[in-house]
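Engineer:
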Amino acid sequence: MKQWYMVIDVRWCHDCNNCFMSCKDEHVGNDWPGYTAAQPRHGHRWMNIERRERGRYSRNDYSYLPMPCQHCEKCPLVDAGYATRREDGIVMIDLEAAKGKKEVVDMCPYGAVYYNDEADIAQKCTMCAHLLDDPDWIPGIPRCAHSCPTKALKAYHMEPEEMEVMIRNEGLEVYKPELGTKPHVYYKNLYRFTKNFVAAGVLVNGDCYENATVTLTKDGEIVEIQKTNFFGDFKFDGLDDGKYVIHIEADGKEKDIDVEIAGKSLNLDFIEF
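In full-length UniProt numbering, the protein residues as written are 1 to 273.
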């Protein structure tokens with residue numbers, strides 16, 4: 001049976017917050033009987049955008065990770081009886097079972113569940129199920145995806161087998177796969193948020209050196225080979241923690257530099273010959 005999935009491209013999220021605001025517009029002050037109560041004006045971020053800065057000026061970047069409910073196939077709330085999983089894959093909090101149960105908030109490993117003190121119920125992203133069930137809703141996708149100007153957020157209604165093909169072809173990943181919850185929200189270019197880089201500029205006789213050969217190795221194995229750009233810069237991205245060796249060949253000279261990635265990206269400034 002067709003399932004609902006969301007694909008989020010971290011590279012194209014610019015933190016404009018259109019998704020956040022459209023979620024507020026749809027749910028604040030609006031009860032959707034059978035789906036959820038109105039979202040409080042403050043305190044809830046059903047579409048939460050996490051932020052991370054990597055590196056150090058002038059070789060740094062910023063990445064943004066939109067974090068809605070992951071609509072997991074192995075959802076702890078469902079296992080505990082406080083939520084149900086629809087046939088189309090959307091996870092919905094049981095408004096009766098979860099009423100008065102503040103502990104439900106802490107059951108979500110992604111921190112995507114909030115508590116509405118006024119209504120005395122737990123709440124979260126519903127993937128705008130009330131709209132998806134409405135044949136008159138012409139866009140046919142959740143408000144957040146519909147409002148994204150860069151198409152960083154996309155929603156798909158497809159067979160699981162079709163989704164598997166997309167995962168392979170586009171290199172999609174889930175966030176925190178070690179949790180084993182099998183989310184229906186997938187990310188593209190997730191390395192920009194979860195992994196790190198090492199970058200530097202190469203100078204020869206005080207000038208930026210273009211086309212220097214830079215080789216990154218780990219445990220004696222080549223990870224990647226790059227050429228420095230017009231400004232003499234190189235950048236190896238998507239790196240796991242560990243010890244690496246950078247080998248640079250420039251203007252007939254060579255140099256090795258030992259570096260260690262330990263939870264943060266490195267700007268090595270300029271490497272001079």
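Built from N, CA and C at the ideal position, the CB exists for glycine as well.
Give me, in chain order, the residues of the same chain whose beta-carbon lies closer than 6 Å to that of GLN39; leave out the 5 immediate sequence neighbours on both sides.
Structural biologist: Once the five neighbours on either side are set aside, the close Cβ partners of GLN39 are HIS27, VAL28.
Engineer: For TYR175, count neighbouring C-beta atoms within 10 Å of its own C-beta (all shown protein chains included) and say buried if the count is 16 or more, exposed if not.
Structural biologist: buried
Engineer: Closest by CA to ASP207, which one among THR228, THR217, ALA112?
Structural biologist: THR228
Engineer: I'd like the ranges of any alpha helix (DSSP H) spanning at least 4 consecutive residues and lying wholly in the segment 10-74.
Structural biologist: 18-27
Engineer: Provide the residue span of the alpha helix (DSSP H) that contains ILE271, from first to last.
Structural biologist: Element bounds for ILE271: not the alpha helix (DSSP H) but the beta strand (DSSP E), 266-272.
Engineer: Would you identify the three-state DSSP class for ASP219, choosing helix, strand or coil?
Structural biologist: coil
Engineer: What is the DSSP secondary structure of ASP79, counted as helix, strand or coil?
Structural biologist: helix
Engineer: Kindly indicate which residue of PRO66, GLY140, LEU268, ASP120 has the alpha-carbon position closest to the one of LYS235.
Structural biologist: Residue nearest to LYS235 within the set PRO66, GLY140, LEU268, ASP120 is LEU268 (criterion: CA-CA distance).
Engineer: Relative to the C-alpha of GLY171, which candidate in LYS264, ASP31, ILE8 has its C-alpha closest?
Structural biologist: ILE8
Engineer: Specify, as a first and last residue, the run of the beta strand (DSSP E) that ILE93 falls within.
Structural biologist: 91-93
Engineer: In whole angstroms, what separates the C-alpha of ASP79 from that of GLU73?
Structural biologist: 10 Å
Engineer: Taking just the CA atoms, how far does MET163 sit from PRO142?
Structural biologist: 18 Å
Engineer: What are the residues that DSSP puts in a beta bridge with LYS151?
Structural biologist: According to DSSP, LYS151 bridges with nothing at all.
Engineer: What is the rounded straight-line gap between the Cα of CYS128 and the Cα of TYR191?
Structural biologist: 28 Å
Engineer: Would you mind stating whether CYS19 and CYS108 have Cβ atoms separated by less than 7 Å?
Structural biologist: no
Engineer: What runs of the alpha helix (DSSP H), each 4 residues or longer, lie entirely inside the segment 107-145?
Structural biologist: Here the runs fully enclosed are 129-132.
Engineer: Need the endpoints of the beta strand (DSSP E) that TYR244 sits in, please.
Structural biologist: For TYR244, the uninterrupted beta strand (DSSP E) run begins and ends at 242-250, by DSSP.
Engineer: Could you tell me the alpha carbon to alpha carbon distance between ILE225 and ILE90, rounded to whole angstroms?
Structural biologist: 43 Å
Engineer: What's the call for ILE93, buried or exposed, on a 16-neighbour Cβ count within 10 Å?
Structural biologist: buried
Engineer: Report all residues from its chain with a CB closer than 6 Å to the CB of TYR5; omit the five preceding and five following residues, and keep chain order.
Structural biologist: TYR156, MET163, HIS184
Engineer: Locate the alpha helix (DSSP H) running through ASN196, then write down its first and last residues.
Structural biologist: Taken as a continuous stretch (DSSP letters only), ASN196 belongs to no alpha helix (DSSP H), being part of the beta strand (DSSP E) at 196-204.
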